[in-house]
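Below is one structure, written out as structure tokens; the observations come after it.
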Amino acid sequence: MVWVFNNLTEIWQHTLEHLQIALPPIILSFIIAIPLGWLAKRFPPARGTILTLASLLYAIPSLPLLIVIPVLIGTGLQDPINVVIALTLYGIALMARSTADGLRSVDPDVRQSATALGYSPWTQFWAVEFPLAGPVLLAGIRVVSVSTISLTTVGGVLGIPGLGLLFTDGFQRGLVEEITTGIVLVIVIAVVMDTVLVMLGRWLMPWTRVASPAVRRRRNLRAVTT
Amino acid sequence: MNIFAEGIAWLFDPAHYGGVDGIDTRIGEHIMISVIVLAIAAVIAIPVGYLIGHTGRGRVIVVVSGGVRALPTLGLMILIALNVGVGLEAPVIAFVVLAVPSILAGAYAGFDAVDRRTIDAARAVGMTEWQIVTKVEIPLGLPLLMGGLRSASLQVIATATLADYVGAGGLGHFLFLGLQTRDYPQMLAGSIVVVLLALFSELLFAILERLVVPAGVRAGERADNQEDVRAKSVRSRTATG
Amino acid sequence: MIEFRSVSKQYPDGTRAVDEFSLIIPSRKTTVLVGSSGCGKTTLLRMINRMVDPTSGVIEIDGKDISTIEPVHLRRDVGYVMQNSGLLPHRRVIDNVATVPILKGVPKKQAHEDALALLDTVGLDRSLADRYPAQLSGGQQQRVGVARGLAANPNILLMDEPFGAVDPIVRTDLQNETLRLQRELDKTVVFVTHDIDEAFLLGDQVIILEKGAHIAQQGSPEEILANPVSEFVANFIGADRGKRRLAVSSIAHPQGDDLVLVDAGGYAAGVIAAPGGQLATANPTPKSRSISNKTSQAGDA
């Protein structure tokens with residue numbers, strides 16, 4: 375623990391950097407995926423294309439992506455913006471599928487009765503379909519959150535700020551404590567963020583609180599298997 | 003864009019093939035690491051996933067193992083390397099930890115997705131538990147298991163680029179070497195090959211996933227689709243009529 | 004003969020699904036267990052092939068305590084047909100029918116030949132043998148389910164609401180088929196349903212169950228109809244609502260020799276022949292409830 379106490383400022387600094395890089399992609403991917411998911415649901419032919427592109431995007435390993443992005447947009451190799459862009463792309467790849475699945479999971483009867491009640495397509499989407507897709511969206515964004523927070527560390531090998539620097543620095547100096555600190559902090563951030571998302575979900579979707587244990591179990595599993 | 007052209011040129015330069023540092027050698031290493039990791043992870047995860055899926059006990063293990071995603075693989079690999087030294091061992095262990103949750107979830111979900119009534123009927127006609135596992139649950143669960151292996155394979159191939167950071171070779175070698183010398187074409191060349199390898203794995207498993215769907219289940223999906231179409235046409239007719 | 008002696012089933016959470024149940028199920032007859040959902044009828048049925056083991060009490064088949072028989076062996080000797088057919092979705096119809104014989108070690112070729120013959124028995128065209136369950140209609144799947152239950156030529160056939168999930172027309176068809184099969188094959192059939200009309204149609208012996216598998220009344224359909232022992236039974240069979248109490252209609256004019264019968268509510272319920280003013284009486288034996296003997300699959304494809 376000696377190392378930790380001697381380097382509290384630096385650790386705090388890296389934690390803040392980590393959050394600054396990891397949070398925007400989580401929010402951005404959620405927002406950008408909404409129109410994509412809607413397209414995929416609304417136009418079945420577009421669905422295949424969007425989902426294939428998404429899975430191709432997801433197939434690009436992070437380190438190569440972090441090298442390609444600066445070439446494409448002309449930033450420096452160690453610019454944090456590269457990581458933000460790369461992680462947003464991964465986030466979109468995951469969330470586009472979740473959003474499409476979520477919208478598809480809405481009971482057609484509910485959709486039809488909403489139409490019959492006289493909702494316009496736009497209000498029906500925001501007032502009926504989007505909220506009802508909520509549980510699937512939540513499961514998706516939880517996966518995005520955890521993997522984004524964890525993947526942010528990869529920037530460390532390129533010298534990009536964040537908790538990954540504790541790994542590379544610790545490796546060069548042979549400091550087990552520094553690496554352990556980094557791992558623990560990443561896990562803590564991921565768990566805190568996950569808890570925040572779950573609470574947010576409960577607050578925004580009070581009707582899901584009564585879900586039976588079986589439903590909850592399935593939902594958890596979906597979060598695990600996607 | 004010139005840099006991309008240079009990267010591709012680097013890739014096709016015959017001087018970069020053969021020998022310890024040849025692209026071919028590094029591809030071989032990369033695939034070897036990935037296959038070893040997947041094999042070990044599968045041997046661990048599949049029986050455990052099947053056991054949980056068949057007995058319905060210990061589901062919490064699946065959920066907890068999903069939480070392992072939060073563990074940064076880079077940090078874990080470096081931590082292990084500091085303990086066991088540089089080389090193949092540290093990345094293999096770290097990547098197995100990375101790969102197990104997906105395979106475990108796939109194996110478990112495959113069993114869990116089998117209709118309880120089907121299993122009940124199999125038991126009622128006199129199948130032993132072992133026969134239920136081998137003749138009902140395994141064949142019906144294969145597509146989901148393949149899905150798990152597919153995402154595990156993708157993750158491992160992608161993450162194996164980090165292996166060279168602790169001296170284990172693989173395609174990451176070109177990235178790290180290029181990084182030290184600011185040799186962009188080399189980094190890009192390495193990146194392109196990794197991406198191709200990842201896409202190849204996706205393609206391979208996409209095909210496998212389709213191949214292992216039992217014919218009867220596929221027939222059911224077709225029937226469902228037709229049903230869908232029929233229902234839809236009925237619906238639209240009702241709508242207009 | 005199947006005998007239940009003071010059989011009880013208590014679940015770990017304390018609920019008593021079956022409470023001190025005793026019953027003799029005669030051989031080569033159809034016994035129907037009927038009751039509302041949650042009355043324990045399915046639990047009773049599943050005790051016969053040891054899918055459920057009782058907490059106390061003894062069940063004997065032909066004098067042999069079944070708790071001494073290995074469950075897997077017992078199940079291979081007792082036919083079982085369930086709701087939603089329970090067919091294996093990844094196996095063709097013929098493999099599904101041949102499942103039990105193959106489990107018992109019958110050579111595959113022989114088992115397949117027997118399975119084809121069984122398709123005839125249950126009124127399915129042999130051309131369906133190579134289809135997968137998902138490619139069949141609900142009624143056809145159910146027939147395959149029956150064929151599978153019969154495949155090992157068991158003496159006992161257990162049927163757990165087998166026609167609960169098919170539409171009414173197909174259900175009528177399947178019920179008539181069941182009656183025909185029973186006449187031809189002469190099995191000991193134990194049938195579970197919540198539909199009292201189905202119970203009266205199929206059962207030689209009908210057991211009406213209350214919660215906890217208490218027997219409210221047992222007897223032939225005629226006995227039960229003629230003399231419901233309690234309000235519960237009267238309610239259950241619809242006698243209290245007058246649905247079963249018929250009278251000759253005073254409004255409708257006789258159609259030839261037929262008189263129109265109405266129930267207590269005044270709704271037309273049937274006709275009765277009355278040549279020369281003399282009401283017809285049914286020939287008591289042999290009982291034939293099958294209205295038509297057709298084996299075609301109208302409305303079933």
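Residue numbers (the numbering used here), protein chains in the order written: chain A, 375 to 600; chain B, 3 to 243; chain C, 4 to 304.
Cβ atoms here follow ideal geometry from the backbone N, Cα and C, with glycine treated the same way.
*Which value, in whole angstroms, describes the spacing of the CA atoms of GLY172(B) and ILE33(B)?*
The residue given as residue 172(B) occupies position 170 in the second sequence. The residue given as residue 33(B) occupies position 31 in the second sequence. It is roughly 8 angstroms from the alpha-carbon of GLY172(B) to the alpha-carbon of ILE33(B).
*In this structure, does DSSP put LEU262(C) in helix, strand or coil?*
Here residue 262(C) corresponds to residue number 259 of the third sequence, with the count starting at 1. Of the three classes helix, strand and coil, the one that applies to LEU262(C) here is strand, per DSSP.
*Of the listed residues PRO29(C), SER11(C), GLY152(C), LYS246(C), nearest to GLN221(C) (C-alpha basis)*: For the purposes of this step, residue 221(C) is taken as residue 218 along the third sequence, with counting starting at 1. It is PRO29(C).
*Return the chain-ordered list of same chain residues with a C-beta closer than 6 angstroms to the C-beta of PHE7(C), the five sequence neighbours on each side being excluded.*
Translated into positions along the third sequence, residue 7(C) becomes position 4. Excluding residues up to 5 positions away in sequence, PHE24, SER25, LEU26, ILE62 lie with their Cβ nearer than 6 angstroms to the Cβ of PHE7(C) in the same chain.
*Would you decide whether ALA276(C) is buried or exposed? Buried here means 16 or more other CB atoms lie within 10 Å of its CB.*
Locating residue 276(C) in the third sequence gives position 273, where the first residue counts as 1. Label assigned to ALA276(C): exposed.
*Could you spell out the range, first to last residue, of the alpha helix (DSSP H) harbouring VAL558(A)?*
Counted from its first residue, the first sequence places residue 558(A) at position 184. From DSSP, the alpha helix (DSSP H) with VAL558(A) extends over 550 to 578.
*Hey, could you find the ends of the alpha helix (DSSP H) SER67(B) is sitting in?*
Position 65 of the second sequence, counting from 1, holds the residue named residue 67(B). From DSSP, the alpha helix (DSSP H) with SER67(B) extends over 61 to 69.
*asked:* Going by DSSP in three states, ALA72(C) sits in which element: helix, strand or coil?
replied: Looking up residue 72(C) in the third sequence gives position 69. Reading the sequence as shown, one finds Ile at residue 72(C) and not Ala. Reduced to three states, the DSSP call for ILE72(C) is coil.
*Cβ of PRO435(A) within 8 angstroms of any chain B Cβ*: One-based indexing of the first sequence puts residue 435(A) at position 61. Yes, its Cβ sits closer than 8 angstroms to a Cβ of chain B.
_From the DSSP secondary-structure annotation, give me the bridge partner or partners of MET189(B)._
Taking the second sequence and counting its residues from 1, one reaches residue 189(B) at position 187. None, per the DSSP bridge assignment.
_Which residues DSSP lists as bridging GLU213(C), in chain order_ = As a working mapping, residue 213(C) is identified with position 210 in the third sequence. DSSP output for GLU213(C) lists HIS217(C) as bridge partner(s).
*asked:* Between PRO495(A) and chain B, is any beta-carbon pair separated by less than 8 angstroms?
replied: Here residue 495(A) is taken as the residue at index 121 of the first sequence, counted from 1. PRO495(A) does not count as touching chain B.
*Rounded Cβ spacing between ILE563(A) and VAL197(B) (contact assumed at less than 8 angstroms)*: Within the first sequence, the letter at position 189 stands for residue 563(A). Within the second sequence, the letter at position 195 stands for residue 197(B). Contact doesn't hold; Cβ gap of about 29 angstroms is too wide.
*Please confirm whether SER203(B) and SER153(B) have their CB atoms less than 8 angstroms apart.*
Mapped onto the second sequence, residue 203(B) falls at position 201. Mapped onto the second sequence, residue 153(B) falls at position 151. No, the pair does not count as a contact, with Cβ atoms beyond the cut-off.
_Taking CB distances under 8 angstroms as the criterion, tell me whether ALA474(A) reaches chain B._
Taking the first sequence and counting its residues from 1, the one referred to as residue 474(A) is at position 100. Against chain B, the CB of ALA474(A) has no partner CB under 8 angstroms away; the residue lies outside that interface.
*Compare the Cα-Cα distances from MET162(C) to each of LYS214(C), THR58(C), HIS197(C) and report the closest residue.*
As a working note, residue 162(C) is residue 159 in the third sequence. The shortest C-alpha separation from MET162(C) is found at HIS197(C).
_Between which residues of its own chain and ALA155(C) is the CB-CB distance below 8 angstroms, once the five residues before and five after are set aside?_
Here residue 155(C) refers to the residue found at position 152 when the third sequence is read from its first residue. Result list for ALA155(C): ARG79, ASP80, GLY82, VAL103, PRO104, LYS107, in chain order.
*Can you find a C-beta in chain C that's less than 8 angstroms from the C-beta of ALA126(B)?*
Taking the second sequence and counting its residues from 1, the one referred to as residue 126(B) is at position 124. Yes, its Cβ sits closer than 8 angstroms to a Cβ of chain C.
*Grab the span of the beta strand (DSSP E) containing ASP22(C) for me, first residue to last.*
The count along the third sequence starts at 1 and reaches residue 22(C) at position 19. Segment 19 to 28, the beta strand (DSSP E) holding ASP22(C).
*Just curious, the alpha helix (DSSP H) that GLU391(A) is in, first and last residue?*
By 1-based counting over the first sequence, the position of residue 391(A) is 17. Per DSSP, the unbroken alpha helix (DSSP H) holding GLU391(A) starts and ends at 382 to 416.
*To which residues of the same chain is LEU559(A) closer than 7 angstroms at the C-beta, ignoring the five residues directly before and after it?*
The residue given as residue 559(A) occupies position 185 in the first sequence. Once the five neighbours on either side are set aside, the close Cβ partners of LEU559(A) are THR389, LEU537.
*How many whole angstroms separate the CB atoms of THR124(C) and LEU153(C), which I take to be in contact at a CB cut-off of 8 angstroms?*
Within the third sequence, residue 124(C) is the residue found at index 121, counting from 1. Within the third sequence, residue 153(C) is the residue found at index 150, counting from 1. The Cβ separation is near 7 angstroms, so the contact holds.
*Could you list which residues in chain B have their beta carbon closer than 7 angstroms to that of VAL520(A), in chain order?*
Along the first sequence, read from residue 1 onward, the residue named residue 520(A) stands at position 146. Correct list: ARG71, ALA72.
*asked:* Considering Cα atoms alone, identify which of HIS56(B), ALA83(B), ALA101(B) is closest to VAL45(B).
replied: Here residue 45(B) refers to the residue found at position 43 of the second sequence. Taking each of HIS56(B), ALA83(B), ALA101(B) in turn and checking the Cα distance to VAL45(B), the smallest one comes out for ALA101(B).
*Over what stretch of residues does the beta strand (DSSP E) that includes THR34(C) continue unbroken?*
Numbered from 1 along the third sequence, position 31 holds the residue referred to as residue 34(C). Residues 33 to 37.
_Taking contact to mean 3 or more Cβ pairs, one atom from each stretch, closer than 8 angstroms, check whether the segment 4 to 18 of chain C and the segment 211 to 225 of chain B are in contact._
Touching, no.
*Candidates GLY530(A), VAL550(A), ALA513(A): closest to MET573(A) by CA position*: Mapped onto the first sequence, residue 573(A) falls at position 199. Distance check between MET573(A) and each of GLY530(A), VAL550(A), ALA513(A) places ALA513(A) closest, using alpha-carbon atoms only.
*Check each residue of the segment 87 to 111 of chain C: if its Cβ is closer than 9 angstroms to any Cβ of chain B, include it; give the result in chain order.*
In summary, the residues of the segment 87 to 111 of chain C whose CB is separated from some CB of chain B by less than 9 angstroms are ASN87, SER88, GLY89, LEU90, LEU91, PRO92, HIS93, ARG94, ARG95, THR102, VAL103, LEU106, LYS107, in the order they occur in the chain.
*Any beta-carbon of chain C closer than 8 angstroms to the one on GLY222(B)?*
On the second sequence, position 220 is the one that residue 222(B) refers to. Cβ-Cβ to chain C under 8 angstroms: yes for GLY222(B).
_By alpha-carbon positions, which one of GLY169(B), GLY149(B), GLU91(B) ends up nearest to VAL215(B)?_
For this step, residue 215(B) is matched to residue 213 along the second sequence. Measuring from the Cα of VAL215(B), the nearest candidate turns out to be GLY149(B).
*Out of curiosity, what's the CA-to-CA distance linking PRO141(B) and LYS415(A)?*
Reading the second sequence from its first residue, position 139 is the one you call residue 141(B). Reading the first sequence from its first residue, position 41 is the one you call residue 415(A). Note on geometry: alpha-carbon atoms of PRO141(B) and LYS415(A) lie some 31 angstroms from one another.
*Of the residues that make up the segment 131 to 150 of chain C, which ones have a beta carbon closer than 7 angstroms to any beta carbon in chain B?*
Residues TYR135, PRO136, ALA137, GLN138.
*For THR542(A), does the count of other Cβ atoms within 10 angstroms reach 16, so buried, or fall short, so exposed?*
Within the first sequence, numbered from 1, the residue matching residue 542(A) stands at position 168. That one is buried.
*How many angstroms separate the CA atom of GLY465(A) from the CA atom of TRP412(A)?*
The sequence position of residue 465(A) within the first sequence is 91, counting from 1. The sequence position of residue 412(A) within the first sequence is 38, counting from 1. C-alpha separation (whole angstroms): 16 angstroms.
*What is the residue span of the beta strand (DSSP E) that TYR110(B) lies within?*
Residue mapping note: residue 110(B) aligns to position 108 of the second sequence, counting from 1. Looking at the DSSP string, TYR110(B) is not in any beta strand (DSSP E); the run it does join, the alpha helix (DSSP H), is 91 to 114.
*Would you kindly report the start and end of the unbroken beta strand (DSSP E) that includes GLN13(C)?*
Start at 1 with the first residue of the third sequence, and residue 13(C) comes out as number 10. Following the DSSP letters along the chain, one finds GLN13(C) inside the beta strand (DSSP E) bounded by residues 5 to 13.
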